[in-house]
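Sequence positions in the sequence shown follow this note's numbering and run 63 to 399. Heads up, the beta-carbon is just placed ideally off N, CA and C, and yes, glycines get one too.
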Amino acid sequence: MRRDDEGRSDDEPVGQTANPSSDGLNSTNNEAPPIQLLVRVGDNLPRVTPPGYAVATDLLAELLDGIDRPHAFAPPDRHTGLCRICGATATLTFEHIPPSSAGNDRRARSSPGLPLLTSDQPLNFPKTGWTPAQRGVGGYVLCKPCNEFVGQRYILEYGQLAAALRKQVDGAFAALGHAVGGLDLDLAGWALGDVARAGLVTVMDVAVHDRLLRRYPELTNVVRQPGTPLPSTLRLGLTVVLGTRARLSSPVCQADPDGCVVFSEAALAPFSWTLSFLEPGLRSLPHTADVSEWLHHGQNHRPIHAQLKLPVGAVVSPTPGDYRPASLIEANLPTDR
Ligand SMILES: [Zn+2]
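Written out as structure tokens, the structure reads:
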């Protein structure tokens, strides 16, 4: 739920961002803060505050406001809450995150991120403390009309492109004997706007209550009125990913001496969708392709030319936005950068 690079047990808390009453910078609060920014002892991480840190903490205080209240993040139970697409108060319905048409249709186990991030074996799924997700990965996050709208308009195309991409990734893997770092794709003929709107919904689904919509109310129309562009300070990122794990993250901050990245993520092979917040001073998440422009396409519009290089990565790390394969993560565990 927050980010440092390996999340080991020798982490030293330096700040927290989820408590709206906190200034987020130097406060320490022993009453189980849900989100913390951590720095490992011995790393060169930021004794000097990185550029954008104040912007990032202010933004996260807003986007995570109320995270300590019930039903804040991908709630597993039916309840009355705030729809993540239209903001209405309604009896919320279960939404697969990502869509079941892309393979998210099997039973899964769900674990909160913090125990994994602070484990000295962050790649091993915990033996205890997980909860079953019978219907697949998801949560009660959408009102019925929004759920049906997305299901009827965007999900079929999303599932078909996911299946085609999976085949292509498997083919490249079989030909080379190892995973590739990027794929040159010809996506002509695909309804890329509809795929991107389904992808955008997955990162809206992992928002906290209606906090994303409160700050960016235009997002409702981006989903419900095809062709509406993203607000200029948001960036929809896409990475092709391998593996059997899903990873969902509400907005988090990734900080290093060069600067801060604030983003949320919904990942399950073959797609990882990310929403980067590009407020002044913040950078976009690396190892993602910017597909924000796909949203400019109207419904069922199929561009004749659509060449794109998509980065390929793995989802094995519990750290949001980390696409390194297990071998690289393990090699870096003791010392990191
Ligand atoms: Zn709704």
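Reduced DSSP category for F325 - H, G, I as helix; E, B as strand; rest coil: strand
Limits of the beta strand (DSSP E) - the one that T142 falls within: T142 to L144
G299 - containing beta strand (DSSP E), residue span: L296 to L304
For G149, the three-state DSSP class (helix, strand or coil): coil
Close beta carbons around T290, own chain, < 6 angstroms, minus the five adjacent residues each side: N283 and V284
Spatial neighbours of D246 in its chain, beta-carbon cut-off 6 angstroms, leaving aside the 5 residues before and after: K371
Reduced DSSP secondary structure (H/G/I, E/B, other) of Y202: strand
Cβ-based neighbour list, D384, same chain, cut-off 6 angstroms, excluding 5 preceding and 5 following: none
Three-state secondary structure assigned by DSSP to T90: Confidence is the limiting factor: at T90 the pLDDT is only 38, short of 50, which leaves the residue's position unreliable and the question unanswerable from this model.
C-alpha distance - T381 paired with T350, whole-angstrom precision: 15 angstroms
Among I147, A253, P138 and L300, nearest to L218 - alpha-carbon criterion: A253
E93, buried or exposed, once every other Cβ within 10 Å from all chains shown has been counted against 16: In this prediction, E93 has a pLDDT of 46, which is less than 50 and means its spatial position is unreliable; what the coordinates show is noted afterwards. Result: exposed.
Under 8 angstroms between C-beta atoms of L298 and G255: no
Reference Y115; option with closest CA among D320, N394 and G165: D320
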